[in-house]
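From first to last, the protein sequence lines are chains A and B.
Using our numbering, the first residue of the first sequence is number 13, and each one after it goes up by one.
Using our numbering, the first residue of the second sequence is number 13, and each one after it goes up by one.
Even glycine gets a Cβ: it sits at the ideal position worked out from N, Cα and C.
There are 2 protein chains.
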Amino acid sequence: MTEIYEKTMALFIAEGYEQVPLSRIAKALNITKAGLYHYFSTKEELLYFIHMHNLKKYFIPVLDMAEKVTDPQERITFFIQAFIRKSLTEDGSTRVLIHEVNRLNPEHQIKIREIWARGINILKNAISELHASGKIKNVNKVFASFAAVGMCTWIPYWFDYDRKESAVELAETYSKIFLHGLLKD
Amino acid sequence: MTEIYEKTMALFIAEGYEQVPLSRIAKALNITKAGLYHYFSTKEELLYFIHMHNLKKYFIPVLDMAEKVTDPQERITFFIQAFIRKSLTEDGSTRVLIHEVNRLNPEHQIKIREIWARGINILKNAISELHASGKIKNVNKVFASFAAVGMCTWIPYWFDYDRKESAVELAETYSKIFLHGLLKD
Chain A
13 MTEIYEKTMA LFIAEGYEQV PLSRIAKALN ITKAGLYHYF STKEELLYFI
63 HMHNLKKYFI PVLDMAEKVT DPQERITFFI QAFIRKSLTE DGSTRVLIHE
113 VNRLNPEHQI KIREIWARGI NILKNAISEL HASGKIKNVN KVFASFAAVG
163 MCTWIPYWFD YDRKESAVEL AETYSKIFLH GLLKD
Chain B
13 MTEIYEKTMA LFIAEGYEQV PLSRIAKALN ITKAGLYHYF STKEELLYFI
63 HMHNLKKYFI PVLDMAEKVT DPQERITFFI QAFIRKSLTE DGSTRVLIHE
113 VNRLNPEHQI KIREIWARGI NILKNAISEL HASGKIKNVN KVFASFAAVG
163 MCTWIPYWFD YDRKESAVEL AETYSKIFLH GLLKD
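Right under this line is the structure:
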């Protein structure tokens, strides 16, 4: 299954979800179109399976580890840096998957959005804890959390995937801008 | 022409560029499909005209004004706040237009990207000036500029357009997080 998901994702990154018909996916995998339907019943279902595969491979491990970090400041730093290094700078998949999420049926969308919400909650909770301990200014937690997610999620729109080594500097720059942006003078 | 662009944009926001055929656009405008072709020759050209209309209405005035602000710190604050208030929290058009830019032909894409680049340049230049005057830490200017653009551009993915009044607080929160994130302790 991993091969199906990853080869199909590579086609979607290169050409776009909608531009790639199932016949092309079958050809890339060296199976018949009928053979493809053995694994899923619609292109929508394939997209959902690919999205979940991607989240399990790249994003959920980041969430699991971040939730275990005790110190809220370290938790924010870890989350932003790991999200950038393990997920967003690996390949351009996030850009495709986020845009195409609206094509999924409502139940599938809910399952994806529940996983995304864990990321927002990690940030919101850490910001609450930092505020409670007097370390940061009063700030709208939801707006601030989406600021961090936004600066990260935008990366696949401009990042040069031929220069992946710059991901380390990028991750440090973004975690520092966000945390310093919150901290009291 | 404004009516054509804005009614079509509203359909694209509600249902997606690709899901709206020219016949539906003609119907919404109360003209024939042949009548539509009086104004543009392909759906791609219509998308380009709409994108340019949108940039001229919302984004280019922000660029023009920001470029005139002398103080680099005020320039960053102005740019982020005006971008959020005049462009991103007006409607969800930016989300659609950014995603669909890949459908435009190369010459049209170049024209759009030249306008986007003005925004990045405003930020890069202001960051250079702040660094030269010793006010901020050394930072990768390109990465930092995209951080600001990313937190802003992500807004249409989560903002509640039924509560537009929160745009003021949002604009203040984001300009502060970004500027404080850059400034020296």
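- In this structure, the beta-carbon distance from Ile110 (chain A) to Ile167 (chain A) does not fall below 8 Å.
- Listed along the chain, the chain A residues whose CB falls inside 9 Å of the CB of Glu181 (chain B) are Asn152, Phe155.
- The beta carbon of His120 (chain A) does not come within 8 Å of any beta carbon belonging to chain B, so the residue lies off that interface.
- Only Met163, Cys164, Thr165, Trp166, Ile167, Tyr169, Trp170, Phe171, Ser178, Glu181, Leu182, Thr185, Tyr186, Lys188, Ile189, Phe190 from the segment 163-190 of chain A bring a Cβ to less than 9 Å from some Cβ of chain B.
- Contact between the segment 144-163 of chain A and the segment 76-83 of chain A is absent, with fewer than three C-beta pairs closer than 8 Å.
- If one requires a minimum length of 4 residues, the alpha helix (DSSP H) runs lying completely within the segment 58-111 of chain B are 72-79, 84-94, in chain order.
- Bridge partners of Ile148 (chain A) according to DSSP: A:Leu195.
- Per DSSP, reduced to three states, the secondary structure at Tyr169 (chain B) is helical.
- Proximity of chain B to His143 (chain A) at the Cβ level (cut-off 8 Å) is not reached, the minimal Cβ distance being about 14 Å.
- Residues of chain A with a Cβ closer than 8 Å to the Cβ of His111 (chain B) are, in chain order, His111.
- Sixteen is the threshold: since fewer than 16 other Cβ atoms of the shown chains lie within 10 Å of the Cβ of Tyr173 (chain A), the residue is exposed.
- In chain order, Ile37, Leu58, Ile62 place their CB closer than 7 Å to the CB of Thr20 (chain B), counting only its own chain and leaving out the 5 sequence neighbours on each side.
- The CB of His192 (chain B) comes closer than 7 Å to the CB of His192, Gly193 in chain A, given here in chain order.
- For Glu30 (chain A), the residues of chain B that pass the 7 Å Cβ criterion are Glu30, in the order they occur in the chain.
- Note that the C-beta distance between Phe91 (chain A) and Trp170 (chain B) is not below 8 Å.
- Phe71 (chain A) is outside the set of residues whose beta carbon lies under 8 Å from a beta carbon in chain B.
- In the structure shown, Pro33 (chain A) adopts coil according to DSSP, grouped into three states.
- Not flagged as an interface residue toward chain A: Val108 (chain B), since no C-beta distance is shorter than 8 Å.
- Rounded to the nearest whole angstrom, the C-alpha separation of Thr106 (chain B) and Ser99 (chain B) is 8 Å.
- Counting of Cβ neighbours within 10 angstroms places Gly47 (chain B) among the exposed residues, the total staying below 16.
- Rounded to whole angstroms, the gap between the alpha carbons of Glu30 (chain B) and Lys55 (chain B) is 10 Å.
- Bounds of the alpha helix (DSSP H) holding Leu48 (chain B) are 45-48.
- Residues of chain A whose Cβ lies closer than 8 Å to the Cβ of Val161 (chain B) are, in chain order, Trp166.
- Judged by DSSP in its simplified three-state form, Tyr186 (chain B) adopts helix.
- Close to Phe158 (chain A), with beta-carbon spacing below 8 Å, are these residues of chain B in chain order: Met163, Trp166, Ile167, Trp170.
- With 16 or more other Cβ atoms inside 10 Å of its own Cβ, Asp103 (chain B) counts as buried.
- For the set A:Ile25, A:Val32, A:Thr101, A:Trp128, the Cα lying nearest the Cα of Ile72 (chain A) is the one of A:Trp128.
- Taken through DSSP and simplified to helix, strand or coil, Gly131 (chain B) comes out as helix.
- Boundaries of the alpha helix (DSSP H) around Phe24 (chain A): 14-27.
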